[in-house]
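Protein chains in written order, with the working numbering: chain G, 3 to 118; chain P, -11 to 217. Built from N, CA and C at the ideal position, the CB exists for glycine as well. Remember, it's a predicted structure, so these values are computed and weren't measured experimentally.
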């Protein structure tokens, strides 16, 4: 199983990581750890983020206005930084999905590669 | 329970950001480590295994710090490129040019090796080539010392050779058209010899010297798990 795991930080282009994050945030706000777990679960363990691949990307996306982060949590309890999809992120998600769909379509046509 | 905030703060080190933003980042990373640790304990793993699981999420804190700085601070990103690429690169170009110029002084005792195969005369400055590994080592060391990654180090070292081949390559289409019109042929062999002598050979010499400094600097890594008391 481990041999087939894709290390996002090193091997998958940034665009695919952005798509993964924007996609899970389109379901609702999540904090960083939830984002990584959600992506890992929904990709059945194939895609995994570590600290170095997740947080710098989140901060970049925040600077671009794709996501916004806010500290939330119970009074006196642990605060977490929740990320929400912003309007710019929603706009970016549509073409990203199309681009990756076209890429997989092209690979399927070319080499019989199918969606996971 | 380990003090994740202290661990994250210590491992991350100073980020070059304002204190409030830095503390937010430390707090966020600490929360992530704590979640990993707690999840591992819930799954029935031992304290040591849970710690290991948490630290696996960030094996290279230097890389994490650099990536965060580049993501958050544009000025840092610009300074990073200047410090790790352009300054060491300018140094290697300058040193390479100075040594080559010194060797071209007519009175200087310079053994030159001429290309023996073709009518094209390619002067290979042996002493210059021998100096390039040292220059490459200086460039790579400088870039690594400034925090450069493999790519910046390799580029900083390669700039003198890249500069030498870029000019001929830029002229290539014009020379090609001119020679085809004028002579109905193109001097591929002389061109290849020139590229070899002024591009491939210097690049190889530069890289040979830089090899010890192209590898990851183990002494500055902080990726090992720490005691959690």
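- Per DSSP, the beta bridge partners of residue 70 of chain G are G:86.
- For the set P:-10, P:54, P:172, the Cα lying nearest the Cα of residue 38 of chain P is the one of P:-10.
- When C-alpha distances from residue 150 of chain P are compared across P:129, P:110, P:193, P:163, the shortest belongs to P:193.
- Near chain P, meaning a CB-to-CB distance below 7 Å, the residues of the segment 33 to 55 of chain G are 34, 35, 52, 53, 54.
- Contact check for residue 116 of chain P and residue 87 of chain P: beta-carbon distance about 6 Å, within the 8 Å limit, so the pair qualifies.
- Beta bridge pairing from DSSP links residue 93 of chain G with no other residue.
- The C-beta distance from residue 83 of chain G to residue 73 of chain G rounds to 5 Å, short enough to meet the 8 Å contact threshold.
- Within a 10 Å sphere around the beta-carbon of residue 16 of chain P sit 16 or more other beta-carbons, which makes this residue buried.
- Close CB contacts of residue 186 of chain P within its chain, under the 6 Å cut and outside five residues either way in sequence, are with 152 (chain order).
- Boundaries of the beta strand (DSSP E) around residue 112 of chain P: 111 to 113.
- For residue 142 of chain P, the closest C-alpha among the options P:159, P:197, P:172, P:178 is that of P:197.
- The beta-carbon distance between residue 80 of chain P and residue 135 of chain P, rounded to whole angstroms, is 18 Å. This is too long to meet the 8 Å contact definition.
- By alpha-carbon distance to residue 1 of chain P, the top candidate from P:44, P:50, P:74, P:33 is P:50.
- Per DSSP, residue 186 of chain P is not a residue of any alpha helix (DSSP H), being assigned neither H nor E.
- Taking all protein chains in view, the Cβ of residue 33 of chain G is crowded by 16 or more other Cβ atoms within 10 Å, so the residue is classified as buried.
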